[in-house]
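Student:
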Amino acid sequence: MELVISLSIGVLAGSGIWLLLRPRSFQVIIGLSLISYAVNLFIFSTGRLKSDAAPILETGRDIATYADPVPQALVLTAIVIGFAMTALFLVVLLASRGLTGTDHVDGRER
Amino acid sequence: MQDMAIHPVDWLVILPVVLPLLGAALLLMLREAKEAQYWMALGTVAVLLLGDIALATRIAEQGPVSMTMGNWLPPFGISFTADLVGAVFALAAAGVTLLVLVYLRLDMPDRARRDGVYPLVLLLLAGVSGSFLTGDLFNLYVWFEVMLIASLGLMVLGGRNSQLDATVKYGFLNFFATTIFLLSLGLTYGTLGTLNMADIVAKAPAADPAVMASIAALLLLAFGMKAAAFPVNAWLPASYHAPPAAVSALMAGLLTKVGVYALLRAMTMLLPASREVLEPVLVVVALGTLILGPLGAIAETNLRRALGFLVIGGIGATVTGIALNNEAGLAGAATYVLHAMLTITGLYLVAGLIEAMTGETDTRRMGGLYAAASLPSVLFFVLMLAVAGVPPFLGFWPKLLLVEGGIAGWAPNWDGWALALWVGVLVNALLTLIAGSRLWGHIFWRAGHESAENEAPNPDLRRLDRRATWLGLAPTAVLTLAVFLLGVWPEPLLGFGKQAAAGLLQSADYVAATGVAGGEP
Amino acid sequence: MSTLIFRTIAPLLTAVMLVFSVFVLLRGHNEPGGGFIGGLIAASALAIYGMAMGGEAARTALNVHPLAMAGFGLALAGLSGVLSLAFDVPFLTGLWSIFDLDGSEVALSTPMVFDIGVYFVVFGTIAAVALALESDGEDA
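Protein chains in written order, with the working numbering: chain A, 42 to 151; chain B, 1167 to 1687; chain C, 110 to 249.
Take a look at the structure:
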């Protein structure tokens, strides 16, 4: 599982950075989203990878069988914020495209 | 869960966040009542200012205060911990916002008011105060995003072409910076198992220094981008000149300062050992920012873009303090942030007045303003001298402290880095003075346009009407007066600087206030 | 988009989704659900309505401006935290009050009020963004 997670983080971050360096605003916003997905996965993995482990305490269970709830909460917050930012950006980019007639990040074709 | 004794007075710690948030919520509901919105925003910030004053005096007398949300034990619950640096910065932020609100009434086109500028200003203030007062790194990230969302909203208000272009650049780079911040948070939690600042102070020394150094490097990149330090400063001059003057004053006065504050907190208090590793990087960043800022201001002909470069120069001065990391240097950095909040906001406000009077943004096409309006020219002159650090004004003392810190760092063992920083601060002051006097000469002293033959008086000047004079000049005059008074009577400022530096270097009080030291891990 | 089938089904779908969003909202805290996901469902309900009937109709159907709704949610969430001031506990401490209503247990708590606030914030902001996107970015 560790290999799969680290590979997907790497692929997401790599493609995100490549897209970030493209000139079209849509490509850049997708790149930013991919990078934040990579970061979210990374944060999730800092809670150690466990399958089928509960994050909420129940009486009479060994503490070692639990998953760490904090990274899950952190990731949830980060996803929500990233989602809101992306939505807001899309509105701005659409308005910018409507006004300038181009989706180049500089507002004009070179 | 454990019950902790909570006095109503402890609520002062979160008041600076809760009050503007509730105010923004209320204003959002009252979208239609424009007039009421304005007065309520003003009232909210005024009450907040009083609360901040009470908080700062309490901390100055009794040391840091802390409150942990939801009655959870400190390392697990989100703590709000205010020490002197955070509280005084929050106080200055509230004061600046109040003055900008007065000015906003003059500056905002009707369309922008309809789109809800006042709730966004309050939201921005909540984000800024939250960043200054929070005691939890992840919470700091949340406040960064609140600020980012509010500032994005403020930047697009009015919806002109250049504004949207600036917003795209500003937004992309800042979003990228916060993502890097988030990455370092993941690494921090994975390594230390905590994100509470006081807990990090306690646990960081035991952790692997290589991992801690990479966390510090990521934080340096993220906060440096937020603060517009060299070499990741390109977004600031490209974006701060586009929105209405009051909005860019607010952003230039507050947002980069939050980045610098976070850098100050992270490098000197949280990860002092990693700062040593990164010291050469910090020195290069400081020197680059110190020199590049005013040079850009000299080369630039757009007024507010030039001011943007001066903001960057000021960031260099604070990074210098962080790189020096001795008492005088840190006191210089802390007081410089305070000084920059007041002075830079004032400069942007005057710039807005100048643009309103000349109808131009290019300094080459201004000119002759001294004859038409002497008061703004005096205010601009004083604020410019203050930015450069000329003696009777506020800007002198932080730079003096930095110079002192440079000597103190150099003297014992002939440290070349400290000497370089010492030279850098002096060169920065000189270049800023050149940039400032050049701007002043072009805008006010020269009779007409650059290309005008026979230097005829500028025919395009518009006089400000009575209302504009009062609403526009009064806030600027108050800021300038504060810059002057704190310059001639610097004891409170220097006292603050000394206490702030001591608090950052010896974090025992901060940790004790949060209450993690006695708590079970 | 506005085929006859879609336009007939959309109001029905919107109504069902809105009810479901409230169910998800109240189910939260100890079970999967809560304000954020509930608000998202409600916002998608409005978005579907807007797709079928046009953004203007959706705005009219909403009656209040979505951002005013977000403001209401923010105020609700904030006040649920401030309530702890009256009980001498830190900000945002969960306060519970459990009623016995005709044999069934009803739990009222500040976390629930907070969650309802979150619901409105999410619904308001996402609806505002969705409506702005539907009108093709002419109103940023």
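Backbone N, C-alpha and C define an ideal beta-carbon position, used for all residues, glycine too.
Pull up the distance between the alpha-carbon of Leu1386 (chain B) and that of Leu1196 (chain B), whole angstroms please.
Tutor: 41 Å
Student: Going along the chain, which residues of its own chain have a beta-carbon closer than 6 Å to the beta-carbon of Gly143 (chain C), five neighbours each way excluded?
Tutor: Gly137, Asp224
Student: Would Val173 (chain C) and Leu129 (chain A) qualify as a contact pair, given that the criterion is a beta-carbon distance under 8 Å?
Tutor: Going by C-beta atoms, Val173 (chain C) is not nearer than 8 Å to Leu129 (chain A).
Student: Evaluate Gln1228 (chain B) with the Cβ neighbour count: other Cβ atoms within 10 Å of its Cβ, from every protein chain shown; 16 or more gives buried, anything less gives exposed.
Tutor: exposed
Student: Reducing DSSP to helix, strand and coil, say where Arg1633 (chain B) ends up.
Tutor: helix
Student: Is the Cβ of Val1175 (chain B) closer than 8 Å to any Cβ of chain A?
Tutor: no
Student: Against chain D, with Cβ distances strictly below 8 Å, would Ile1573 (chain B) count as a contact?
Tutor: In summary, chain D is missing from the structure at hand, where the protein chains are A, B and C.
Student: Go ahead and label Met139 (chain C) buried or exposed: buried means 16 or more other beta carbons lie within 10 angstroms of its beta carbon, across all protein chains shown.
Tutor: In the sequence as presented, Met is not what sits at residue 139 (chain C); that position holds Asn. Flag for Asn139 (chain C) reads exposed.
Student: If contacts are defined as beta-carbon pairs under 8 Å, then Val1312 (chain B) and Ala1379 (chain B) qualify, I think. What distance do you get, rounded to the angstrom?
Tutor: That pair is no contact at about 30 Å.
Student: Along the chain, where does the beta strand (DSSP E) that runs through Phe1246 (chain B) open and close?
Tutor: 1245–1248
Student: Using a cut-off of 8 Å between C-beta atoms, extract the partners of Asp1331 (chain B) located in chain A.
Tutor: Under the 8 Å cutoff, chain A gives Ser137, Thr141, Asp147, Gly148.
Student: Note down, in chain order, every chain C residue with its Cβ under 7 Å from the Cβ of Asn1237 (chain B).
Tutor: Val198, Pro199, Thr202
Student: Beta carbon of Val1268 (chain B), beta carbon of Leu1323 (chain B): below 8 Å?
Tutor: no
Student: Here's the rule I'm using: 16 or more other beta-carbon atoms within 10 Å means buried, otherwise exposed. How should Phe232 (chain C) be labelled?
Tutor: buried
Student: Note down the Cα distance separating Gly1533 (chain B) from Gly1525 (chain B), rounded to an integer number of angstroms.
Tutor: Cα to Cα, the separation comes out at about 12 Å.
Student: Among residues of its own chain, excluding the 5 on either side of Ile96 (chain A), which ones have a beta-carbon nearer than 8 Å to its beta-carbon?
Tutor: The amino acid at residue 96 (chain A) is misidentified as Ile; the sequence shows Pro. The beta carbon of Pro96 (chain A) is closer than 8 Å to those of Tyr107, Ala108, Asp109, Pro110, Gln113 in its chain, skipping five residues each way along the sequence.
Student: Check whether chain B comes within 8 Å of Phe232 (chain C), counting only Cβ atoms and requiring the distance to be less than that.
Tutor: no
Student: Give the residues of chain A in contact with Leu210 (chain C), contact being defined as C-beta atoms less than 8 Å apart.
Tutor: Simply none; closest approach about 27 Å.
Student: Counting only beta-carbon separations shorter than 8 Å, does Leu127 (chain C) have a partner in chain A?
Tutor: no
Student: Can you tell me whether DSSP reads Glu1198 (chain B) as helix, strand or coil?
Tutor: For Glu1198 (chain B), the three-state secondary structure derived from DSSP is coil.
Student: Between the beta-carbon of Leu1320 (chain B) and the beta-carbon of Leu1339 (chain B), is there less than 8 Å?
Tutor: no
Student: Taking C-alpha atoms, which residue in B:Leu1221, B:Met1206, B:Ala1202 lies nearest to Ile1180 (chain B)?
Tutor: It is B:Leu1221 whose Cα lies nearest to the Cα of Ile1180 (chain B).
Student: Counting pairs of Cβ atoms below 8 Å between the region 1482–1499 of chain B and the region 1449–1456 of chain B, do you hit three or more?
Tutor: yes
Student: For Ile1180 (chain B), does the three-state DSSP call read helix, strand or coil?
Tutor: coil
Student: Pull the bridge partners of Ala216 (chain C) from the DSSP assignment, please.
Tutor: C:Ile207
Student: Can you look up Met1391 (chain B) in the DSSP assignment and give me helix, strand or coil?
Tutor: helix
Student: Let me see if you follow: with CB-CB separation under 8 Å, is Ala119 (chain A) close to chain B or not?
Tutor: yes
Student: Which residues in chain B have a C-beta closer than 9 Å to the C-beta of Pro112 (chain A)? List them in chain order.
Tutor: Gly1352, Tyr1355, Gly1356
Student: Whose CA, out of B:Leu1318, B:Glu1493, B:Thr1210, B:Phe1255, lies closest to the CA of Lys1423 (chain B)?
Tutor: B:Phe1255
Student: Which first and last residues belong to the alpha helix (DSSP H) in which Ser193 (chain C) is found?
Tutor: Unbroken run through Ser193 (chain C): none, as it is neither H nor E.
Student: Kindly indicate which residue of B:Phe1396, B:Ser1673, B:Tyr1502, B:Leu1178 has the alpha-carbon position closest to the one of Leu1437 (chain B).
Tutor: For the residues B:Phe1396, B:Ser1673, B:Tyr1502, B:Leu1178, the minimum Cα distance to Leu1437 (chain B) belongs to B:Ser1673.
Student: Could you tell me the distance, in whole angstroms, from the CA atom of Ile1520 (chain B) to the CA atom of Val1262 (chain B)?
Tutor: 20 Å
Student: At 3 residues or longer, and completely inside the region 1301–1339 of chain B: list those beta strand (DSSP E) runs for me, N to C.
Tutor: none
Student: Around the Cβ of Thr1223 (chain B), are there at least 16 other Cβ atoms within 10 angstroms (buried) or fewer (exposed)?
Tutor: Thr1223 (chain B) is exposed by the Cβ-count criterion.
Student: Short of 6 Å in beta carbon distance, which residues of its chain neighbour Gly1684 (chain B), apart from the five on each side in sequence? Order them along the chain.
Tutor: Residue confidence for Gly1684 (chain B) is low, a pLDDT of 44 falling below 50, so the modelled location carries little weight; the figure read from the coordinates is stated next. None.
Student: State the Cα-Cα distance for the pair Glu1686 (chain B) and Gly1189 (chain B), rounded to the nearest angstrom.
Tutor: Interpretation of Glu1686 (chain B) is limited by its pLDDT of 38, a score under 50 that renders its predicted location unreliable; the figure taken from the coordinates is listed afterwards. For Glu1686 (chain B) and Gly1189 (chain B), the distance between alpha carbons rounds to 38 Å.
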